[in-house]
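Engineer: Just dropping this structure here.
Protein chains in written order, with the numbering used here: chain B, -15 to 404; chain E, 100 to 552.
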């Protein structure tokens, strides 16, 4: 790697102050510090420093996302093929090659758009500030595709990413300064700006909308698609909230609705992830592998993850006790398996910039995040997925939680002063 | 009532180059230097001109605003040069060492019969006062205040730190005399805190007139700030004085002999030192002779003090006033390729408190760390990492942020009076941001001193 080092060193003067390419210094810095840890030494204070830096921290999160990403690719391919064949009961583990190919064709362009637009925006701001890219977006750029429905148009991914980076982060000062989680800001933007592309039962499987449009013109296709539902588990569960509970067109009782739900989405299917949903969110196993890495390396907070799950589960138990309609009666552990709950708990709520920063604060933050996620899910039929809104809400509340936790510490000190 | 404290937080950075417990003789240096910069916030007023003769114990400069505090020459000789920096600030006062020194003889001063005020005056005029530092602010003690307690740490837990049990072995009398003198300065207690992990030398265990506490845990257990916080924390408006254990012996020596004998035992340590060991030197000694033929590589950093809090000095520079050790480590001014030694490398050569590097797999392996920052400066992103190495009931990141933003109210509320920059040295080491945290805390303390004291 000596020749690379030579190139880096040789070109340094061109990008330095007064050099020919001075204004492109941020690009030089980004690329050179990517390839080489620079030769900066300690000038003041501690003469030696820990090996850890933000690049390695962020890279660990990306590695933790890989299982969810790979499963997401396969899952997206699976449902794409299912739509093509008009067969919702298509065996999950057959035709792997075709499914992986289809999945890649769906997910890769989204990743490219997300990184392309996001890094482009970041770069414009980095040029203005005259420093290299900061690493925050490396993770956000991967998270954004993973929380999108498979059928979302690419231009929407681009617009949402641009919105999240500029309004969500850069106007606050860049990496480390944002108030709301970047990826969730992107999703929330689409959720409210283009609700028809972000919810309902047509968007979760690639190609479904086109196919259903085709069905209206062609009888053959209509026959094939008859009874084919593109709903997610959350969508189906939310339909319990309507006055009439129907299974296959006939009205049924609450118990029958729950058991029909349970036979469509078994807990094992939901755990493995063989259900429709946003690209990265379906497989709890894949997410837990990522969680294990985050917890082992200490990058993700155990306090937040554990309390988020605990809060969600407890809220589910409380709703079970209240009862009243089938959604209330849905077993509490189901809530942790379906929708974006696990993904949110592991990858979104634990974002250290937007989460609470004190130890006790993290417990409170995670717990109420979980509680509110399930509360929104079950009590508000307009928002089938409560996790996104719950985490964004808790992002806003996190500084207040921290404030009171810190005030307790301050009061302890004041009390000592009085008794002394 | 002695106290026993156990710490769960902290970090022992395992470095190559701990000093063997043998002493080598070093010759008297040709030049010594007293550096006013070692005394934070001091504006010196020179009392001697360049070229004038000085004797050991003779004041060479004093505090411009607190004239009773004298800073004395450690040796007989002539004032060689007053080295000035930017804005004519005095950086060093160099003294050519005369061939004849008389550190022997003299008559004892009876401490027992003296009042606190007399002890104070004796120490001020003899140039012993700068050894006494105060918390809060971590500067030379203000002689107009009365401290609620005096704290002495009987061990140093910093990386490669000298072993005080070895250094002060057999100096029971001097240490005891120093303790007796210091005890006169406070109406409260003198706290002597031992390492709870291993038995201490008789110099410490048999010390009288002090409350003997024990603290066990990783660094910064040996930091006096940590000990104060857990034994008798400082509230706003209170003062605690602290003295380094070796300096207690120097003070004691004065009362036993009537002479200022500024000799201390230092450890020469670090991965780039051949056969690291101990030696007796004069305060402010030139290190060129000490380091001669002892350094094993070319591109090194010489530090007066330890790797976390020491000052960078030149290879022919001078030992700091308070420092008990010299550390030599490799400079890290080289590019490190991403996959081999850079940020995506396996990282077996890096010592990290996080599990992002395999340090936790390496057992007791000792590391040869260089001065590379290992990354670039960033905003605060990661949370909870400072807390792991900061054994105070204080929120470190919030306090650092308050210091950065000059937020006096929040600094006071969050406990700035209880900390010194050195307490944050480990935070600075582990922090992903690579921010100079000790500097930020120092600036915060300066602001507090200016506005609130």
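Note that the Cβ used here is the ideal one computed from N, Cα and C, for glycine as well.
Since this is a predicted model, take the numbers as computed values, not measurements.
Determine whether the Cβ of residue 107(E) lies closer than 8 Å to any Cβ atom of chain B.
Structural biologist: no
Engineer: From the beta carbon of residue 310(E), is the nearest beta carbon of chain B less than 8 Å away?
Structural biologist: no
Engineer: Within 10 angstroms of the Cβ of residue 227(B), are there 16 or more other Cβ atoms? Answer buried if so, exposed if not.
Structural biologist: Summary for residue 227(B): the model assigns pLDDT 49, below 50, so the residue's position carries little reliability; its value from the coordinates is reported in the next sentence. Burial call: exposed.
Engineer: Measure the alpha-carbon distance for residue 311(E) versus residue 211(E) and round it to whole angstroms.
Structural biologist: 21 Å
Engineer: Three or more beta-carbon pairs under 8 Å between the region 99 to 110 of chain B and the region 133 to 148 of chain B, yes or no?
Structural biologist: yes
Engineer: Residue 125(B) lies in the alpha helix (DSSP H); which residues open and close that run?
Structural biologist: 120 to 130
Engineer: Where do the ends of the beta strand (DSSP E) carrying residue 515(E) lie?
Structural biologist: Segment: none, residue 515(E) is in no beta strand (DSSP E) and carries neither H nor E.
Engineer: Would residue 71(B) pass as an interface residue toward chain E - the criterion being a Cβ-Cβ separation below 8 Å?
Structural biologist: no
Engineer: Under the DSSP definition of a beta bridge, which residues are partnered with residue 405(E)?
Structural biologist: DSSP, once it has assigned bridges, lists no residue as partnering residue 405(E).
Engineer: Under the rule that 16 or more other beta-carbon atoms within 10 Å means buried, what is residue 392(B), buried or exposed?
Structural biologist: exposed
Engineer: Quick one: is residue 436(B) near chain E, going by C-beta distance under 8 Å?
Structural biologist: This structure cannot speak to residue 436(B), because chain B is shown only from -15 to 404.
Engineer: Who are the Cβ neighbours of residue 175(E) in its own chain at under 6 Å, not counting the five residues just before and after it?
Structural biologist: The residues are 154, 155, 197, 200.
Engineer: Please report the straight-line C-alpha distance between residue 489(B) and residue 367(B), rounded to a whole angstrom.
Structural biologist: Since the first residue of chain B shown is -15 and the last is 404, residue 489(B) is not available in this structure.
Engineer: Can you find a CB in chain B that lies within less than 8 Å of the CB of residue 400(E)?
Structural biologist: Interface flag for residue 400(E) against chain B is set, since a Cβ pair is found closer than 8 Å.
Engineer: Below 8 Å, how does it come out for the region 74 to 93 of chain B and the region 110 to 123 of chain B: are there three or more Cβ pairs, yes or no?
Structural biologist: no
Engineer: Which residue's Cα is closest to the Cα of residue 408(E): 526(E), 373(E), 473(E), 328(E)?
Structural biologist: 526(E)
Engineer: Got a sec: which bits of the region 254 to 273 of chain B sit with their beta carbon under 9 Å from any beta carbon on chain E, in order along the chain?
Structural biologist: none
Engineer: As a quick exercise: from 363(B), 296(B), 365(B), 310(B), pick the residue whose alpha carbon is nearest that of residue 333(B).
Structural biologist: In this structure, 296(B) is the residue among 363(B), 296(B), 365(B), 310(B) with its C-alpha nearest to the C-alpha of residue 333(B).
Engineer: Per DSSP, residue 410(E) forms a beta bridge with which residues?
Structural biologist: 403(E)
Engineer: Considering only C-alpha positions, which residue in the set 277(E), 420(E), 396(E) is nearest to residue 599(E)?
Structural biologist: The requested residue 599(E) does not occur in the structure, where chain E is confined to residues 100 to 552.
Engineer: Closer than 8 Å by C-beta to residue 339(E): which residues in its own chain qualify, once you throw out the five before and the five after it? Chain order, please.
Structural biologist: 233, 234, 246, 247, 248, 249, 250, 327, 331, 333
Engineer: With distance defined between alpha-carbon atoms, name the residue in 219(E), 438(E), 146(E) nearest to residue 242(E).
Structural biologist: With distances taken between CA atoms, residue 242(E) lies nearest to 219(E) out of 219(E), 438(E), 146(E).
Engineer: Considering only DSSP beta bridges, list what residue 315(E) is partnered with.
Structural biologist: 105(E)
Engineer: Could you check which residue in 423(E), 382(E), 368(E) has the C-alpha nearest to that of residue 254(E)?
Structural biologist: 423(E)
Engineer: Which first and last residues belong to the beta strand (DSSP E) in which residue 161(E) is found?
Structural biologist: It spans 158 to 162 - the beta strand (DSSP E) in which residue 161(E) sits, taken as one unbroken run.
Engineer: Helix, strand or coil for residue 195(E), going by three-state DSSP, please let me know.
Structural biologist: strand
Engineer: Under 8 Å between the Cβ atoms of residue 192(B) and residue 322(B)?
Structural biologist: no
Engineer: According to DSSP, which residues form a beta bridge with residue 231(E)?
Structural biologist: The partner list for residue 231(E) (beta bridge, DSSP) is empty, contrary to what the question assumes.
Engineer: Can you tell me the Cβ-Cβ gap for residue 105(B) and residue 150(B), rounded? I've got them flagged as a contact below 8 Å.
Structural biologist: 6 Å
Engineer: Restricting to runs no shorter than 4 residues, where is the alpha helix (DSSP H) found entirely within the region 257 to 283 of chain E?
Structural biologist: Taking only runs of at least 4 residues, the alpha helix (DSSP H) segments lying wholly in the region 257 to 283 of chain E are 263 to 266, 271 to 282.
Engineer: So, under 8 Å CB-CB, residue -12(B) and residue -2(B) are touching, yes? Tell me the CB distance rounded to an integer number of Å.
Structural biologist: With a Cβ gap of about 16 Å, residue -12(B) and residue -2(B) do not count as contacting.
Engineer: Can residue 260(B) be considered in contact with the ligand COA, in the sense that its beta carbon sits closer than 7 Å to one or more heavy atoms?
Structural biologist: The ligand COA is absent from the structure shown, which contains no ligands of any kind.
Engineer: When Cβ atoms are compared, which residues of the region -11 to 0 of chain B fall closer than 8 Å to chain E?
Structural biologist: -11, -8, -7
Engineer: Taking Cβ positions, are residue 433(E) and residue 399(E) nearer each other than 8 Å?
Structural biologist: Going by beta carbons, residue 433(E) and residue 399(E) fall outside the 8 Å limit.
Engineer: Only counting the same chain, and skipping five residues up and downstream in sequence, which positions put a Cβ closer than 7 Å to that of residue 60(B)?
Structural biologist: Within the same chain, residue 60(B) has close Cβ partners 87, 90, 91, 134, 190, 263.
Engineer: Using the rule of at least 16 other Cβ atoms within 10 Å of the residue's Cβ for burial, across every protein chain shown, is residue 119(E) buried or exposed?
Structural biologist: exposed
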